[in-house]
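Residues 6 to 282 (this note's numbering) are what the sequence shown spells out, left to right. We put the beta carbon where it would ideally sit given N, CA and C, even for glycine.
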Amino acid sequence: MSKQGEEYERFVQDVYKVLNANDGLSNAIVQHNVKLKGISREHQIDVYWQFSYGTVTYRVAVECKDYKNPVTAEKIEAFRSTLLDIGNDIQGIFASRNGFQTGAINVAKTYGIQLMQIREPLESDWDGCIKDIYIKYILRSIINVRPILYVDLDWANANGVTAENLSSFHGRSDCTFVVANKGQTDERKDSLKTFIDKLPSRDEGKNLTHTEKFDNAFIEYDNISIKVRAIKFVYDVHFSYDQQHIDAMNLAKAVVNNVITGRSFLINIRNDVSELK
6 MSKQGEEYER FVQDVYKVLN ANDGLSNAIV QHNVKLKGIS REHQIDVYWQ FSYGTVTYRV
66 AVECKDYKNP VTAEKIEAFR STLLDIGNDI QGIFASRNGF QTGAINVAKT YGIQLMQIRE
126 PLESDWDGCI KDIYIKYILR SIINVRPILY VDLDWANANG VTAENLSSFH GRSDCTFVVA
186 NKGQTDERKD SLKTFIDKLP SRDEGKNLTH TEKFDNAFIE YDNISIKVRA IKFVYDVHFS
246 YDQQHIDAMN LAKAVVNNVI TGRSFLINIR NDVSELK
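Below is the structure:
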């Protein structure tokens with residue numbers, strides 16, 4: 006067996022694993038390169054599975070041909086002879102990458118053999134369909150944030166807090182917290198970074214401003230606690246752009262065409278099966 010021929014057989018095996026699972030045949034084990042005993046001799050079957058429905062066991066044999074040209078009637082007749090020799094009502098499927106001649110189709114219809122063209126997707130499969138999808142992203146970055154504290158002056162005077170005290174207040178945004186209604190049942194504590202992450206960023210620009218006002222809140226860092234009426238954020242918003250290209254060819258795994266019934270299916274890389282109209 007050539008390497009190319011075996012690769013195609015494995016490909017067909019994988020396709021039928023997906024199709025059987027999609028049809029609810031969970032107990033069907035799809036095998037490759039199986040030996041089946043016939044009346045006259047032993048036969049090598051490229052892909053084989055069997056399953057039980059009620060008290061009946063069904064057997065399916067698949068012949069795979071990776072020819073450059075369409076399969077001839079003689080190949081279908083030879084496969085029919087194999088099926089007859091194996092007997093026991095085994096069902097036959099002939100799989101080909103490049104289709105079948107008219108004579109082969111007529112022979113298969115006569116003897117009830119399913120003809121399946123199973124192949125990888127081609128560029129031509131997308132004629133008239135959307136194949137390329139481009140998604141553009143705008144990445145908004147909030148940078149150079151400068152918080153300005155509006156201290157509660159009455160509280161500052163009552164507690165001896167001066168501008169000199171405040172000048173030493175510096176803390177990381179993720180370690181600095183705004184505590185609203187401190188000591189009460191509805192106390193809430195949020196990091197300064199939480200406010201920064203929620204700053205409006207719809208428009209790009211420099212020295213944008215946003216003010217958060219508070220009725221009863223303290224800003225805390227380490228052991229420092231300062232009552233504030235508001236925090237004004239001065240900041241810049243920078244836009245960067247990115248684009249993602251989705252090629253539908255990269256999402257498709259196999260095209261399956263039942264030559265006898267005319268129905269076609271697409272299997273994607275997630276093993277989802279959809280019928281092609």
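Leaving out five residues on either side along the sequence, give the residues of the same chain with a beta carbon under 8 Å from the beta carbon of residue i.
{"i": "Phe238", "result": "Val150, Arg151, Pro152, Ile153, Phe200, Ile201, Leu204, Thr214, His215, Thr216, Glu217"}
{"i": "Tyr155", "result": "Val233, Arg234, Ala235, Ile236, Lys237"}
{"i": "Asn32", "result": "Phe56, Ser57"}
{"i": "Asn273", "result": "Leu256, Ala257, Lys258, Ser279"}
Residue i: buried (16+ other C-beta within 10 angstroms of its C-beta) or exposed?
{"i": "Ala109", "result": "buried"}
{"i": "Leu281", "result": "exposed"}
{"i": "Tyr53", "result": "buried"}
{"i": "Arg268", "result": "exposed"}
{"i": "Asp157", "result": "buried"}
Name the residue from the options whose alpha carbon lies nearest to the alpha carbon of residue i.
{"i": "Ala66", "options": "Asp90, Asn74, Ser45", "result": "Asp90"}
{"i": "Ile34", "options": "Asn186, Lys194, Asp277, Asp19", "result": "Asp19"}
{"i": "Thr107", "options": "Arg145, Asp159, Ala78, Ala161", "result": "Ala78"}
{"i": "Ser45", "options": "Asp227, Gln122, Ala259, Leu88", "result": "Leu88"}
{"i": "Thr62", "options": "Glu68, Ile143, Leu30", "result": "Leu30"}
{"i": "Ala83", "options": "Asn93, Lys73, His48", "result": "His48"}
{"i": "Asp51", "options": "Arg85, Arg15, Thr60", "result": "Arg15"}
{"i": "Tyr240", "options": "Glu209, Arg124, Asp132", "result": "Glu209"}
{"i": "Tyr116", "options": "Lys136, Ser86, Ile123", "result": "Ser86"}
Is residue i helix, strand or coil when you go by DSSP?
{"i": "Ile44", "result": "coil"}
{"i": "Glu280", "result": "strand"}
{"i": "Asp179", "result": "coil"}
With a threshold of 6 Å on Cβ separation, who are the neighbours of residue i within its own chain once the five nearest residues in sequence on each side are excluded?
{"i": "Val76", "result": "Lys70, Ser101, Phe105, Ala109"}
{"i": "Tyr230", "result": "Strictly speaking, residue 230 in this sequence is Ser, with Tyr absent from that position. These residues qualify, in order along the chain: Phe223."}
{"i": "Leu120", "result": "Phe99, Phe105, Ala113, Val264, Ile265"}
Who are the near neighbours of residue i in its chain, counting only those whose CB is closer than 7 Å to its CB and skipping five residues on each side?
{"i": "Ile81", "result": "Phe99, Ala109, Val112, Ala113, Ile118"}
{"i": "Thr60", "result": "none"}
{"i": "Ile143", "result": "Phe244, Tyr246"}
Just checking my contact of residue i with residue j at CB under 8 Å: how many whole Å lie between their CB atoms?
{"i": "Gln248", "j": "Ile95", "result": "Actually they do not touch by this definition, with Cβ atoms about 53 Å apart."}
{"i": "Val23", "j": "Asn212", "result": "Rounded, the Cβ-Cβ distance is 58 Å, inconsistent with contact."}
{"i": "Val278", "j": "Asn27", "result": "4 Å"}
{"i": "Asp179", "j": "Ser206", "result": "Contact flag wrong, Cβ pair sits at about 19 Å."}
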